[in-house]
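*Asks:* Quick note, the sequences are listed as chains A and B, same order. Read in the numbering used here, the first sequence has 149 at position 149, and its numbers run on one by one without any break. One rule links them: number in the numbering used here = place in the second sequence (from 1) + 1000. In this text, a Cβ means the ideal position worked out from N, Cα and C, and glycines have one as well.
There are 2 protein chains.
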Amino acid sequence: MQIDVLPSAGSPRIPYLEDRLVIVIDVLRATSTIVTALANGCQAIIPVLTSEEALETRLTLPGSLLGGERDSLIIEGFDLGNSPFDYVPEKVGGRKVILTTTNGTRAIRDSIAAPMIWMASFLNMQSIVLAVLREFENNDRLQGIVVFCAGTEERFDLPDILCAGMFIDALGPSVLLNDLGEAARMLYQSSEDHLVEKIRKSVHGKKLISLGFEQDLIYCSTPNVLPIVPVVHDGEIVWLTGEENYFS
Amino acid sequence: MQIDVLPSAGSPRIPYLEDRLVIVIDVLRATSTIVTALANGCQAIIPVLTSEEALETRLTLPGSLLGGERDSLIIEGFDLGNSPFDYVPEKVGGRKVILTTTNGTRAIRDSIAAPMIWMASFLNMQSIVLAVLREFENNDRLQGIVVFCAGTEERFDLPDILCAGMFIDALGPSVLLNDLGEAARMLYQSSEDHLVEKIRKSVHGKKLISLGFEQDLIYCSTPNVLPIVPVVHDGEIVWLTGEENYFS
């Protein structure tokens, strides 16, 4: 199985995605927050690029919530920020959330040519790996995986790459990797016993801590606690049910 | 000292370079070849972006040679390819070479806003590190270093990142790094005893081997054998003499 890792939203040379499963990773914090929201009963998340698009989308979806950040902080007038702790059952249960973040929602939009787009984080890694293995066993039209790290403002982000490395490591040694995939695996294997420490020292990690989001960072660095595979379906991010047919 | 590593030519978000020393790295093979050419008596290397520009430049420089590659192979009608073994004293001694390569010369051009642009490879790493330490001791206008990895066709290239990691590792633990710099250091530290093996398995390494350039790869992976610091000066790459005043 070929796995190519991309370093950030806005990456030059996005590969051919039409026969690939794309795994989007934005550990701090978009995909961690999306996984948490769905686990807490959120009906769907609608990723949009701008605040204006979020406000317009809400006009068509009465009862939905607005979520997102700019420069790591909640957008003025929005209901929720980008902290997973904002997405509690009392707020998001049974409702849709329109979400815009600096890097994560952009990586999702950059992946739009792919037939399958899933969201990974440390929180749901085990479920992602099991779902990928099942999908490749049953779907011979998929030719490989692109792991699309959201990055931080178009730059390489160590937390995302470590998470990509955990994913690749879990698939075993026989996978074929681009150089960033090989690097991700090496970085994960040399860090797996002190992931939180590495993520704390990353540029984005230090910024979140300085803004008072240390608990977010610790939570987002916790592997395998939520059994959720979020997938993009008709422009919305929902639970994977296994009934989808993406090539129809 | 702040050190930021960029993954490839064409990187989005090139940082402010006006007060930075830029170290360009293209292990396979442009900067390895440039170092070798200068060590073998080449008078200067003139980096250009296209074959057409190379031909035009030669009109103004009688006696100069044309060097470069496209898709790893020598350009038709050129005197030299991109193999360091082409740049022997009998050919390049006392002459100028006009050079165009896919990634390396582009990274040099992308760095043009910087007052100082140096070329590193494994071959000359020790000399680069010593020259950097001396420069920062004597030059208080320099605010940091940008390590510009050329990459492969706008993609992350493991040989370049390992070389960047060797550079950072040699400067000691007190440097301040962006996430890719931290990753480069970690990757180097986990690979330093088997560098050639890692470089062999990289995408670019495998391609060079398949084209018959295995000896190039082994040579380019050899640390600290050439005492040369190539610098860009008035559009030409020459030996660092220590007499330059880049801020005048």
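(1) Between the Cα of residue 23 (chain A) and those of A:79, A:163, A:159, A:66, spot the shortest distance and give me the residue it belongs to.
(2) For residue 58 (chain A), which three-state DSSP category applies?
(3) Report the residue from B:1017, B:1011, B:1204, B:1010 whose alpha carbon sits nearest the alpha carbon of residue 1143 (chain B).
(4) Quick one: what's residue 1145 (chain B) bridged to in DSSP?
(5) Between residue 156 (chain A) and chain B, is any beta-carbon pair separated by less than 9 Å?
(6) By DSSP's criteria, residue 68 (chain A) is part of a beta bridge. Which residues make up the other side?
(7) Looking at the C-beta of residue 229 (chain A), does it have a partner C-beta in chain B at a distance below 9 Å?
(8) Please identify the residue among B:1038, B:1130, B:1105 whose C-alpha is closest to the C-alpha of residue 1250 (chain B).
(9) If I'm right that residue 136 (chain A) touches residue 7 (chain A) with Cβ under 8 Å, what's the distance once you round it to whole angstroms?
(10) What residue does the alpha helix (DSSP H) around residue 1204 (chain B) start on, and which one ends it?
(11) Cβ-heavy atom distance between residue 1076 (chain B) and the ligand SAM below 8 Å?
(12) Distance, Cα to Cα, residue 1231 (chain B) vs residue 1047 (chain B)?
(13) Does any residue of chain A bring its CB to less than 9 Å from the CB of residue 1012 (chain B)?
(14) Could you say which of A:28, A:228, A:19 lies nearest to residue 130 (chain A) if we only look at CA atoms?
(15) For residue 238 (chain A) and residue 120 (chain A), I'd like the C-alpha separation in whole angstroms.
(16) Does residue 1248 (chain B) get closer than 9 Å to chain A when you measure Cβ to Cβ?
(17) Got a sec: which bits of the segment 1183 to 1195 of chain B sit with their beta carbon under 7 Å from any beta carbon on chain A, in order along the chain?
(18) Could one say the Cβ of residue 8 (chain A) lies closer than 9 Å to chain B's Cβ atoms, at least one of them?
(19) Hey, does residue 1203 (chain B) have any beta-carbon neighbour from chain A nearer than 9 Å?
(20) Relative to the C-alpha of residue 273 (chain A), which residue among B:1220, B:1003, B:1010, B:1182 is closest?
(21) Per the DSSP calculation, residue 45 (chain A) is bridged to which residue(s)?
(22) Leaving out five residues on either side along the sequence, give the residues of the same chain with a beta carbon under 6 Å from the beta carbon of residue 1158 (chain B).
(23) Closest to residue 1031 (chain B) by C-alpha separation, out of B:1067, B:1132, B:1170, B:1095, would be which residue?
(24) Within 9 Å (strictly less), CB to CB, does residue 1224 (chain B) reach chain A?
(25) Assuming the contact rule is C-beta atoms closer than 8 Å, residue 84 (chain A) and residue 216 (chain A) should be a hit. Round their C-beta distance to whole Å, please.
(26) Is the CB of residue 179 (chain A) under 9 Å away from at least one CB in chain B?
(27) In the segment 134 to 187 of chain A, which residue ranges form an unbroken beta strand (DSSP E) of at least 3 residues, counting only runs that do not cross its ends?
(28) Would you kindly report the start and end of the unbroken beta strand (DSSP E) that includes residue 218 (chain A)?
(29) DSSP state of residue 230 (chain A), grouped into three classes?
*Replies:* So, from the data block:
(1) Your numbering for residue 23 (chain A) matches position 23 in the first sequence. Selected option, being the one with the closest Cα: A:163.
(2) For the purposes of this step, residue 58 (chain A) is identified with residue 58 of the first sequence, where counting begins at 1. Helix.
(3) As a position in the second sequence, residue 1143 (chain B) is number 143, starting the count at 1. Checked all of B:1017, B:1011, B:1204, B:1010; the closest Cα to residue 1143 (chain B) is B:1017.
(4) For the purposes of this step, residue 1145 (chain B) is taken as the residue at position 145 of the second sequence. According to DSSP, which records beta bridges pairwise, residue 1145 (chain B) is partnered with B:1003, B:1021.
(5) Stepping through the first sequence from its first residue, residue 156 (chain A) is reached at position 156. Judged by the 9 Å Cβ criterion, residue 156 (chain A) is in contact with chain B.
(6) To locate residue 68 (chain A), count along the first sequence from 1; it is residue 68. Bridge partners of residue 68 (chain A): A:100.
(7) By one-based count along the first sequence, residue 229 (chain A) stands at place 229. Closer than 9 Å: no.
(8) Outside the displayed span of chain B (1001 to 1248) sits residue 1250 (chain B), for which this structure offers no information.
(9) Your numbering for residue 136 (chain A) matches position 136 in the first sequence. Your numbering for residue 7 (chain A) matches position 7 in the first sequence. Taking the Cβ atoms as the reference, residue 136 (chain A) lies roughly 24 Å from residue 7 (chain A), outside the contact range of under 8 Å.
(10) In the second sequence, residue 1204 (chain B) corresponds to position 204, counting from 1. Residues 1203 to 1210.
(11) No copy of the ligand SAM appears in this structure; indeed no ligand is present at all.
(12) Walking along the second sequence from the start, residue 1231 (chain B) turns up at place 231. Walking along the second sequence from the start, residue 1047 (chain B) turns up at place 47. Computed Cα separation, rounded: 12 Å.
(13) Your numbering for residue 1012 (chain B) matches position 12 in the second sequence. For residue 1012 (chain B), the answer is yes, since a Cβ of chain A falls inside 9 Å of its Cβ.
(14) In the first sequence, counting from the first residue as 1, residue 130 (chain A) sits at position 130. Taking the Cα of residue 130 (chain A) as reference, the smallest distance to any Cα among A:28, A:228, A:19 is reached at A:228.
(15) On the first sequence, residue 238 (chain A) is found 238 positions in, with the first residue counted as 1. On the first sequence, residue 120 (chain A) is found 120 positions in, with the first residue counted as 1. Rounded to whole angstroms, residue 238 (chain A) to residue 120 (chain A) spans 13 Å at the Cα level.
(16) Reading the second sequence from its first residue, position 248 is the one you call residue 1248 (chain B). With a pLDDT of 44 at residue 1248 (chain B), under the threshold of 50, the modelled position of this residue cannot be trusted; read the value that follows with caution. The beta carbon of residue 1248 (chain B) sits no closer than 9 Å to any beta carbon of chain A.
(17) Going along the segment 1183 to 1195 of chain B in chain order, one finds 1183, 1186, 1187, 1190 with a Cβ nearer than 7 Å to chain A.
(18) Here residue 8 (chain A) corresponds to residue number 8 of the first sequence, with the count starting at 1. Answer yes: the Cβ-Cβ gap between residue 8 (chain A) and chain B drops below 9 Å somewhere.
(19) The residue given as residue 1203 (chain B) occupies position 203 in the second sequence. With 9 Å as the cut-off, residue 1203 (chain B) counts as an interface residue toward chain A.
(20) The structure shown does not extend to residue 273 (chain A), since chain A is modelled only from 1 through 248, so no value can be given for it.
(21) For this step, residue 45 (chain A) is matched to residue 45 along the first sequence. DSSP lists A:97, A:237 as partners of residue 45 (chain A).
(22) Position 158 of the second sequence holds residue 1158 (chain B). The answer, listed in chain order, is 1202.
(23) Your numbering for residue 1031 (chain B) matches position 31 in the second sequence. The candidate whose alpha carbon is nearest that of residue 1031 (chain B) is B:1067.
(24) Here residue 1224 (chain B) corresponds to residue number 224 of the second sequence, with the count starting at 1. When Cβ-Cβ separations below 9 Å define contact, residue 1224 (chain B) makes no contact with chain A.
(25) Walking along the first sequence from the start, residue 84 (chain A) turns up at place 84. Walking along the first sequence from the start, residue 216 (chain A) turns up at place 216. The Cβ separation is near 6 Å, so the contact holds.
(26) Here the question's residue 179 (chain A) lines up with position 179 in the first sequence. Yes, because at least one Cβ of chain B sits closer than 9 Å to the Cβ of residue 179 (chain A).
(27) Look at the segment 134 to 187 of chain A and you find these whole runs of beta strand (DSSP E), each 3 residues long or longer: 144 to 149.
(28) As a first step, residue 218 (chain A) must be located in the first sequence, where it is residue number 218. Per DSSP, residue 218 (chain A) lies in no beta strand (DSSP E) segment; the continuous alpha helix (DSSP H) that holds it begins and ends at 214 to 220.
(29) Within the first sequence, residue 230 (chain A) is the residue found at index 230, counting from 1. The answer is strand: DSSP assigns residue 230 (chain A) an E or B state.
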